[in-house]
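Residue numbers (mature numbering (1 follows the signal peptide of the UniProt record, and there is no 0)): -21 to -1, 1 to 264.
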């Protein structure tokens, strides 16, 4: 499991689990063309946009809009993706198709990627109010809502969302990681440690979890424990943001021990990883 920015907006046409089947609604004959549309987007996003637009002009309805939104997301045209997902969600709602909830969530993800957390929350509220989301899908919607609230600085409201995340998707390490990060930012270090320990139990070799675990350990004065966590990241992780962060914290510890830096609980007081900037690539076609 790795965390990337922003959330990958990967369209799912055919459900692969009972939960997804309930979320996506019954089969529709347009799904075959939808799958073909997605295939073209994956192969060539620009051609995918043109194809989806042509299909939309010829009565493709929210299936074509969904494909178009997916194509925009592949091009990282987040505003256009959000608009298209939202229109698809509205059209699906009008058709009483339960796919609307999934489309609202994807619209919210695109809006958040575009730096519009308020719009993201509005889209998520539309998904939640529908009553369609259940189980994992419901928990992940609350996770997205928590991230948007953090981006708005509404940290106490975000804490309440994380409680719901942990209720509905207790086996998702990302929820525990981001909750731990938020609690650390609020200086609730014991709660942060409890949450990061759960995340570690679910993802013991995940580099982002290990980086955060090291930060919390250092702030609690457990310097050697922090060192072990960060060194583990350097050992197991390919070059990337988590490894860069771990190397920087190890450098700070070395300077501290040489008398060239402040104590560990001060040296790591402004880490780069925060709930609003860590997100999961949790979707797959």
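Glycine is no exception: its CB is placed at the ideal position from the N, C-alpha and C atoms.
Keep in mind it's a predicted model, so treat the numbers as computed, not measured.
Looking at residue 215: is its Cβ nearer than 8 Å to the Cβ of residue 191? no
Going by other Cβ atoms of all chains shown within 10 Å of its Cβ, with 16 needed for buried, is residue 218 buried or exposed? Flag for residue 218 reads exposed.
From the DSSP output, in three-state form, read off residue 167 for me. coil
Between which two residues does the alpha helix (DSSP H) harbouring residue 230 extend? 220 to 236
Coil, strand or helix - residue 9 by DSSP: coil
Compare the Cα-Cα distances from residue 181 to each of 193, 88, 21, 149 and report the closest residue. 149
Suppose the cutoff is 7 Å on Cβ atoms and the five residues either side in sequence are ignored; what does the same chain contact list for residue 212 look like? 186, 189, 190, 221, 222, 225
CA nearest to the CA of residue 68, picked from 46, 16, 54: 46
Roughly how many whole angstroms lie between the Cα atoms of residue 124 and residue 48? 20 Å
Simplified DSSP assignment, three categories, for residue -13: Any reading at residue -13 needs caution, since the residue's pLDDT is 35, under 50, leaving its predicted position unreliable; the model's value is listed next. Residue -13: coil per DSSP, three-state reduction.
Which same chain residues end up closer than 6 Å to residue 155 when comparing Cβ atoms and leaving out the 5 residues on each side of it in sequence? 174, 177, 178
Pairwise C-alpha distance: residue 237 and residue 118: 46 Å
Step through the CB atoms of chain D and report whether any lies within less than 8 Å of the CB of residue 149. Absent from the structure is chain D; it holds one protein chain and no more.
Please tell me whether residue 51 and residue 84 are closer than 8 Å, where the distance is taken between their beta carbons. no
What is the rounded straight-line gap between the Cα of residue 77 and the Cα of residue 227? 47 Å
Should the segment 132 to 144 be regarded as contacting the segment 105 to 115, the criterion being three or more beta carbon pairs within less than 8 Å? no
Would DSSP call residue 112 helix, strand or coil? coil
C-alpha distance - residue 9 paired with residue 170, whole-angstrom precision: Their Cα atoms are separated by approximately 48 Å.
Please work out which residues of its chain come closer than 7 Å, Cβ to Cβ, to residue 32, disregarding the five sequence neighbours upstream and downstream, and give them in chain order. Around residue 32: 47.
When you compare the CB positions of residue 70 and residue 44, do they come within less than 8 Å of one another, or not? Taking 8 Å as the Cβ cut-off, residue 70 and residue 44 qualify as a contacting pair.
Let me know the secondary structure DSSP gives residue 36 once reduced to three states. helix
Out of 20, 11, 198, state which residue places its alpha-carbon closest to the alpha-carbon of residue 54. 20
Distance, residue 147 Cα to residue 36 Cα: 40 Å
Distance between residue 100 and residue 158 (C-alpha atoms, nearest Å): 18 Å
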